[in-house]
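Below you'll find the structure, written out as C-alpha cells, and then a few comments.
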Amino acid sequence: MIRFDHVTITYEGAASPALIDADLHIQEGELVLVVGRTGSGKSTLLRAINGLVPHFTGGTLQGRVTVDGRDTSAHHPRDLADIIGMVPQDPMSSFVTDTVEEELAYSMECLGIDAGTMRRRVEETLDLLGLADVRDRPLLSLSGGQCQRVAIGAVLTAHPRVLVLDEPTSALDPGAAEEVLATLQRLVHDLGVTVVMAEHRLERVLEYADRILLIPGDGRPPILGEPGPTMQTSPVAPPVVHLGRLAHWQPLPLSVRDARRQAGALRDRLADVAVDHEPATGARVVSIDRTRASYGQIPALRGITLKVSQGEVIALMGRNGAGKSTLLSTLVGLRRPDAGTVRIAGIDPATLRGPKLIGRIGLVPQDSADLLSRDTVGAECRDADRDAHCAEGSTAGLLADLAPEIDLDAHPRDLSEGQRLALALAIVLVAEPAVLLLDEPTRGLDYPTKARLAEILRGLAARGHAVVIATHDVELVADVATRVVVLADGEVVADGPTPQVVIGSPLFAPQVAKVLATCPGERVPLTVPAVAAALGVAG
Amino acid sequence: MPRMLHPGAWWLWATGLAIAASRINNPLLLLLIIAVAGLVVAARRPRAPWSRSFGVFLRIGLIVIAIRVVFQVIVAAPIGVTVLFTLPSVTLPDVLAGVRLGGPVTAESILAAIYDGLRLATILACVGAANSLASPARLLKAIPAALYEFGVSVVVAVTFAPQLVADLDRVRATRRLRGRPEGGVRGAARAAVPVLEGALERSVALAAAMDSRGYGRQAERSPGVRRATTAALLIGLVALIIGVYALLDASAPAYLGLPMLAVGLACGLVGFALAGRRSTRTRYRPDPWAWPEWGVAACALVTASTFLAASAMGMTGLVAPVDPPAWPAVPPLAVIGILVSVLPAVITPPLPRPRIPVGLTREAVGA
Chain G
1 MIRFDHVTIT YEGAASPALI DADLHIQEGE LVLVVGRTGS GKSTLLRAIN
51 GLVPHFTGGT LQGRVTVDGR DTSAHHPRDL ADIIGMVPQD PMSSFVTDTV
101 EEELAYSMEC LGIDAGTMRR RVEETLDLLG LADVRDRPLL SLSGGQCQRV
151 AIGAVLTAHP RVLVLDEPTS ALDPGAAEEV LATLQRLVHD LGVTVVMAEH
201 RLERVLEYAD RILLIPGDGR PPILGEPGPT MQTSPVAPPV VHLGRLAHWQ
251 PLPLSVRDAR RQAGALRDRL ADVAVDHEPA TGARVVSIDR TRASYGQIPA
301 LRGITLKVSQ GEVIALMGRN GAGKSTLLST LVGLRRPDAG TVRIAGIDPA
351 TLRGPKLIGR IGLVPQDSAD LLSRDTVGAE CRDADRDAHC AEGSTAGLLA
401 DLAPEIDLDA HPRDLSEGQR LALALAIVLV AEPAVLLLDE PTRGLDYPTK
451 ARLAEILRGL AARGHAVVIA THDVELVADV ATRVVVLADG EVVADGPTPQ
501 VVIGSPLFAP QVAKVLATCP GERVPLTVPA VAAALGVAG
Chain S
540 MPRMLHPGAW WLWATGLAIA ASRINNPLLL LLIIAVAGLV VAARRPRAPW
590 SRSFGVFLRI GLIVIAIRVV FQVIVAAPIG VTVLFTLPSV TLPDVLAGVR
640 LGGPVTAESI LAAIYDGLRL ATILACVGAA NSLASPARLL KAIPAALYEF
690 GVSVVVAVTF APQLVADLDR VRATRRLRGR PEGGVRGAAR AAVPVLEGAL
740 ERSVALAAAM DSRGYGRQAE RSPGVRRATT AALLIGLVAL IIGVYALLDA
790 SAPAYLGLPM LAVGLACGLV GFALAGRRST RTRYRPDPWA WPEWGVAACA
840 LVTASTFLAA SAMGMTGLVA PVDPPAWPAV PPLAVIGILV SVLPAVITPP
890 LPRPRIPVGL TREAVGA
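Protein sequences, first through last, are from chains G and S. According to the numbering used here, the first sequence holds residues 1 to 539 in order. According to the numbering used here, the second sequence holds residues 540 to 906 in order.
Listed below in C-alpha cells is the structure:
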C-alpha cells in the first residue's frame with residue numbers, strides 16, 4: 001500500500017538528514033505504529049506519505065515514495081487526498097469550517113463528490129464516530145476527544161484507503177484517548193483502512209499495533225518489524241515492556257493483559273517487600289478554601305478546598321475541562337475567585353506583582369514557548385535574571401544543570417520540546433518560587449526526557465519546593481506524585497496518597513500497578529524503577 | 540419549517556437599507572434604519588460567535604461619528620453663524636491655501652458633521668447586521684466557483700481574528716508569570732512577537748491541512764479554454780472601466796457609456812463561467828433559495844428603490860436642514876419605505892434550535 005524506496009529526506013540548511021534511508025513496505029489493512037525519540041523524524045516520515053514533505057515544507061527527498069501506485073513526486077498532497085487522510089498533531093489547527101457537519105463534508109466538497117453521496121457519508125460517519133449529538137455544534141465548543149474524532153471523521157468521509165495520524169492521543173485524558181483508539185481499531189477491522197500512527201504514549205497504543213516502525217534516530221535507517229522483537233531493543237518503550245525486560249519474560253509482554261498472565265512469580269517475590277513510605281512534608285504553603293470560579297454562566301470550580309505543603313508533589317488529574325487549568329490560573333492570581341480564599345504562604349496571589357509574585361509561585365504553562373519571547377536562549381536567561389533581581393548568569397547556571405547540552409546562542413524555537421521545557425523551568429525556578437505549578441508538562445516528551453523531568457521534580461521537592469502538576473499522564477503521576485487530587489466538574493472527587501488513589505482505578509492506574517495489583521487498595525510498586533528497587537536489582 | 544435563511548438574502552436586505560441610508564442625512568430616518576436593522580437582528584440572529592458583530596459595528600459607528608466631528612472642528616470650513624468657540628488658527632503656506640486649521644467652530648457645522656457621521660454609522664450598522672445574520676462560511680458556499688479561492692482567504696482571515704485576541708490574552712498572562720508589568724506600550728510591543736509568530740504558525744498548519752484535504756484540486760482544461768477564459772475576463776474588465784468612465788464623464792460620447800458597460804458585464808460573466816468550470820468542487824447541503832428569500836429580496840428592492848426614486852425626484856425631508864438648524868421633517872413615504880424592511884423579522888422561517896445548548900468555547904472554560 002505504502003512503499004518507501006530508499007528515502008532520505010534533508011531539509012534546507014539542515015546539517016544532517018531528517019530521515020535516513022527509509023526502505024519499507026506497509027501492507028494494506030495494517031495498523032503501523034511509528035516509534036522513536038523526539039526529533040528522530042517521525043513527523044517527517046508521516047508527512048512524506050502524503051507528499052507534504054517535500055511539496056509543502058521544502059527540502060530534498062531522495063528515493064521514491066509511492067502510495068497505492070501513485071508517486072508523491074508527481075502528485076501533490078491535494079491529488080492524494082482521495083486515498084490518504086492526514087490527521088495532524090493539533091486537530092484544532094486543521095479545521096477549515098466552523099461546525100461539525102460542515103467540517104465532515106469539507107474534504108468531499110474539495111474532491112467533487114456528488115451531493116447525495118456526501119449526505120449519506122456524513123450521516124454514516126456521524127454514527128461511526130459517535131458524533132451525531134454534536135453535529136451542529138461549533139467546532140470551538142467541542143472537548144478534546146470530540147475534536148480529535150471530528151478531525152478523524154473529516155478525513156474519513158473521503159473514504160481514504162490510508163489514514164495517517166500524528167500523536168492522536170497525546171492531548172487527551174485517558175478516557176478520551178481510549179475512545180479515539182477504539183474508533184481507530186474499528187476502522188482497521190471493519191473497513192480495512194491502513195493506519196499509520198505516531199505516538200509518544202506507547203502505553204496507550206502499543207497493544208493495537210500490527211507492526212512497529214522504529215526510527216532509531218542515531219543515523220541507522222528505520223526498521224519495520226513485529227511488535228515483540230522490535231520492543232526488545234527499542235530505545236523508547238512503555239513501562240510494561242520495561243517490566244517484561246526486567247523480569248526476563250518471554251515472549252515480551254506488550255499489553256497489561258499479556259503481562260498479568262506471566263506476573264504470578266513476580267507478585268509472590270514482591271509480596272513481602274515493604275514498598276513505600278509516607279514522604280516527609282514541611283510547612284503548608286498553599287491553602288485554598290471553598291474556592292469558586294466561573295466563566296459567565298458556566299461554573300468552572302465549585303467550592304474547592306486544597307492544602308499543599310512543602311516537599312509535596314501533587315498531581316491534578318481529571319478529564320479535559322474538569323477545572324485543572326482554571327485552578328492553576330487561580331493559584332497564580334491570573335483569575336480572582338468568585339468566592340472563597342486562595343493563599344500562597346499566607347498572601348492572596350492576586351494582589352502580588354513582579355518579583356514578589358514569582359518568588360512565591362511559578363507556573364510553566366502548557367505551551368512552554370508562551371513564556372519565551374527573545375531570539376536566543378542567552379537573552380531569555382538574562383531577561384529572567386533581571387525579572388527576578390538575581391545575579392547575572394543565575395538562570396544560565398540553572399539551565400546548565402537541567403539541560404547542559406543547550407547552546408545559549410540557539411533560538412528557543414529550534415529547541416526540542418524537552419529542551420524548551422527545561423528552559424521554561426529554569427526561567428521560573430531562578431526566582432526560587434516556594435510553589436511550582438506545571439500544566440501538562442509531558443505533552444510531546446519521549447520516555448527518556450520524561451524520566452529526566454521526573455528526576456528534576458523529585459529533586460525540587462526534596463529541596464522543599466511544593467510542586468503541583470496538572471496532567472493526563474498516569475505514568476508520570478506514578479513516577480513523581482506523592483499525592484493525587486482528582487477533579488471532576490469543578491469539584492474534588494478524590495484526594496489522597498498516590499498509591500491509594502491510582503491502584504484499582506481503571507483509568508488512572510499506571511501499567512505496572514495494573515499488572516501487579518490483584519485487589520484494590522493493595523500496596524504494590526507503581527513504576528519499573530520501584531519494582532527494581534524492591535527486588536534489589538538495577539532497573 | 541425552521542431553517543437558516545440563504546446568506547445572500549440577508550446581504551441583499553442589508554444592501555437595500557444601506558442604499559436608503561446613503562441617500563439621506565435626516566437623523567430621524569437614519570435612526571429608524573438602525574432600529575429596523577436591530578429589530579431584525581434581534582429576531583433572527585443565530586447563536587454563533589459571528590452573530591455578535593452588530594454591536595461591534597454600532598460601536599465602530601460611534602467612533603466614526605466622533606472622528607467626523609473632530610475633523611470638522613479642526614480642518615473643515617465652518618458653515619452658519621452660531622459660533623460656539625474659536626480655536627487658535629494656524630496660517631498655512633500659500634501652497635495649502637485651500638486648507639484651514641483651527642478658527643471659529645459653529646454649531647451648524649458640528650450638527651452637519653454629526654448628521655454626516657450618522658449616515659456612515661448607519662451604513663456600517665447595515666453591514667454589521669448582515670454579518671450577524673449570515674454566517675461568513677455559509678456565504679462562502681454561495682459565491683461563484685471562480686471566486687472560491689479568494690473567498691477562502693477572506694473567511695480564514697475572519698476566523699483568525701478571535702484566535703489572535705485569545706493569543707494576546709495568553710501572552711499577557713505569561714508576562715505576569717515572568718513577573719513583568721502587564722500593561723504598557725513596551726509590554727504590548729514585546730507581546731506582539733509571540734502572538735504574530737503563533738498566528739503565522741497556525742496559518743501554515745492550516746494551509747498544510749487544507750492541501751492534504753484536497754483544497755485546490757483542478758479539472759484538466761485544454762489550452763484553448765484557458766486562453767478563452769483569460770481573454771474574456773480581460774476584455775470584460777477593460778470594457779467595464781471604459782463604460783464606467785464614459786458614464787461619469789458627461790463629455791464622453793454616448794456610445795461609450797451603457798453599451799460598453801453591457802459588453803464588459805457580458806464578457807465578465809462568460810469569463811466567470813469558464814473559470815468556474817475549472818473547479819471540481821461540489822457543495823454539501825447548499826442553502827435553498829425559496830419564497831422567504833424572494834420575500835426578503837423584494838423588501839430590499841422596495842426600500843432601495845423608494846429612496847433612489849425619492850432622491851432623484853428631490854423629495855423634501857430626506858436632508859435635514861442644518862443652516863439654520865431646524866427639527867427635521869419626517870416624510871411618511873420614506874418611513875414606509877424603511878418599515879418595509881422590518882418584514883423579514885416575521886416572514887423568514889424561525890431559526891432551527893440547536894440540539895444541545897451551545898456552551899462556551901473551549902478556551903473560555905479553560906480546557
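No residue lacks a Cβ here, since even glycine has one placed at the ideal position from N, Cα and C.
Q. Checking contacts by CB at 9 angstroms: is C381 (chain G) closer than that to chain S?
A. Output row for C381 (chain G): interface = no.
(Q) Quick check on DSSP: helix, strand or coil for S287 (chain G)? (A) S287 (chain G) falls in the strand class under three-state DSSP.
**Q.** Per-residue DSSP class, three states only, for V612 (chain S)
**A.** Three-state result, V612 (chain S): helix.
Q: Would you list the residues sitting across from Y295 (chain G) in a DSSP beta bridge?
A: Under the DSSP definition of a beta bridge, Y295 (chain G) partners with G:I298.
Q. Is any heavy atom of the ligand NAD found at a distance shorter than 8 angstroms from the C-beta of Y823 (chain S)?
A. Because no ligand of any kind appears in the structure shown, any question about the ligand NAD cannot be addressed here.
Q. Counting contacts by CB-CB distance shorter than 9 angstroms, is Y11 (chain G) in contact with chain S?
A. Taking Cβ atoms only, chain S never reaches closer than 9 angstroms to Y11 (chain G), which makes this a no.
Q.
Counting only C-beta atoms, is R817 (chain S) closer than 9 angstroms to chain G at any point?
A. Chain G contact via Cβ: absent.
Q: Quick one: grab the DSSP three-state call for E902 (chain S).
A: Low per-residue confidence applies at E902 (chain S): pLDDT is 40, beneath 50, and the placement is therefore not dependable enough to give any value.
(Q) Just to confirm my understanding: we take T376 (chain G), look at its own chain, exclude 5 residues before and 5 after, and list those with CB closer than 8 angstroms. What are they? (A) In chain order, L408, D409, A410, H411, P412 place their CB closer than 8 angstroms to the CB of T376 (chain G), counting only its own chain and leaving out the 5 sequence neighbours on each side.
**Q.** 8 angstroms contact criterion, which R817 (chain S) and A758 (chain S) should meet: CB distance rounded
**A.** Indeed they touch by this definition, with Cβ atoms about 6 angstroms apart.
Q: Can you give me the start and stop residues for the beta strand (DSSP E) that L131 (chain G) sits inside?
A: Run containing L131 (chain G): none; DSSP gives neither H nor E here.
Q: Please determine if the region 734–749 of chain S and the region 795–810 of chain S are in contact, where contact requires at least 3 C-beta pairs separated by less than 8 angstroms.
A: With a cut-off of 8 angstroms, the region 795–810 of chain S and the region 734–749 of chain S do not count as touching, because too few Cβ pairs lie within range.
Q. When the Cα atoms are used, what is the spatial distance from L857 (chain S) to C838 (chain S)?
A. The straight-line gap from Cα to Cα measures roughly 20 angstroms.
Q) Hey, how far is the Cα of G318 (chain G) from the Cα of P433 (chain G)? A) Distance between the alpha carbons of G318 (chain G) and P433 (chain G) is about 26 angstroms.
Q) What residues from chain G crowd round P733 (chain S), counting only those whose CB sits closer than 8 angstroms? A) Correct list: A369, D370, L372, S373.
Q) What residues in the region 110–131 of chain G bring their beta carbon closer than 8 angstroms to a beta carbon of chain S? A) Look at the region 110–131 of chain G: the residues with a C-beta under 8 angstroms from a C-beta of chain S are C110, L111, G112, I113, D114, A115, M118, R119, V122.
Q) What are the boundary residues of the beta strand (DSSP E) that includes T494 (chain S)? A) Nothing about residue 494 (chain S) can be read from this structure; chain S reaches only from 540 to 906.
Q) Is Q757 (chain S) helix, strand or coil by DSSP? A) Residue state, collapsed to three classes: strand.
Q) Taking Cβ positions only, does D750 (chain S) come closer than 9 angstroms to chain G? A) So yes, D750 (chain S) belongs to the interface.
Q | Sufficient close CB pairs (3 or more, under 8 angstroms) joining the region 573–588 of chain S to the region 605–617 of chain S | A | By the criterion of at least three beta-carbon pairs nearer than 8 angstroms, the region 573–588 of chain S is not in contact with the region 605–617 of chain S.
Q) Is I304 (chain G) closer than 9 angstroms to R290 (chain G) when the C-beta atoms are compared? A) A distance below 9 angstroms separates the beta carbons of R290 (chain G) and I304 (chain G).
**Q.** P643 (chain S) - DSSP class collapsed to helix/strand/coil
**A.** DSSP places P643 (chain S) in strand when its eight states are reduced to three.
Q | Coarse secondary structure for T858 (chain S), derived from DSSP in three states | A | In the sequence as displayed, the identity of residue 858 (chain S) is Val instead of Thr. Residue state, collapsed to three classes: coil.
Q: Would you list the one or two residues that DSSP bridges to S339 (chain G)?
A: Checking the sequence shown, residue 339 (chain G) turns out to be Ala, not Ser. According to DSSP, which records beta bridges pairwise, A339 (chain G) is partnered with G:R292.
Q: Please decide whether H472 (chain G) counts as near chain S, where near means a Cβ-Cβ distance under 9 angstroms.
A: No, H472 (chain G) does not count as interfacial toward chain S.
Q | Same chain, Cβ closer than 7 angstroms to L135 (chain G), neighbours up to 5 away in sequence not counted | A | The amino acid at residue 135 (chain G) is misidentified as Leu; the sequence shows Arg. Once the five neighbours on either side are set aside, the close Cβ partners of R135 (chain G) are V100, E101, L126.
Q.
So, with DSSP's three-state summary, where would you put H25 (chain G)?
A. Here H25 (chain G) sits in strand by DSSP.
Q) Can you give, in chain order, each stretch of the alpha helix (DSSP H) that sits fully within the region 202–273 of chain G and has at least 4 residues? A) With a minimum length of 4 residues, the continuous alpha helix (DSSP H) runs that stay inside the region 202–273 of chain G are 202–205, 227–233, 239–246, 256–262, 264–271.
**Q.** DSSP state of V537 (chain G) mapped onto helix, strand, coil
**A.** Reduced to three states, the DSSP call for V537 (chain G) is coil.
**Q.** Close Cβ partners of L526 (chain G) (< 8 angstroms) along its chain, the five nearest in sequence each way excluded
**A.** Excluding five sequence positions before and after L526 (chain G), the CB atoms of its chain that fall closer than 8 angstroms to its own CB belong to A478, D479, T498, P499, V502, I503, P510, V512, A513, given in chain order.
Q. If you measure from the beta carbon of S394 (chain G) to each beta carbon in chain S, is any gap under 9 angstroms?
A. No - not a single Cβ of chain S is within 9 angstroms of the one on S394 (chain G).
Q) Assuming L104 (chain G) contacts A154 (chain G) under a Cβ cut-off of 8 angstroms, what Cβ separation, rounded to an integer in Å, is found between them? A) Contact holds; Cβ gap of about 5 angstroms.
Q: Following the continuous alpha helix (DSSP H) through D5 (chain G), name the residue where it begins and the one where it ends.
A: Counting along the chain, D5 (chain G) falls outside any alpha helix (DSSP H), though it belongs to the beta strand (DSSP E) covering 2–10.
Q: Can you give me the start and stop residues for the alpha helix (DSSP H) that A554 (chain G) sits inside?
A: Past the edges of chain G, shown from 1 to 539, lies residue 554 (chain G), and the structure says nothing about it.
Q.
Helix, strand or coil, according to DSSP, for D114 (chain G) in the structure here?
A. Residue state, collapsed to three classes: coil.
Q. Leaving out the 5 sequence neighbours to the left and right, which residues in its chain are closer than 7 angstroms to K450 (chain G) when beta-carbon positions are compared?
A. Cβ neighbours of K450 (chain G) beyond the five flanking positions: T442, L476.
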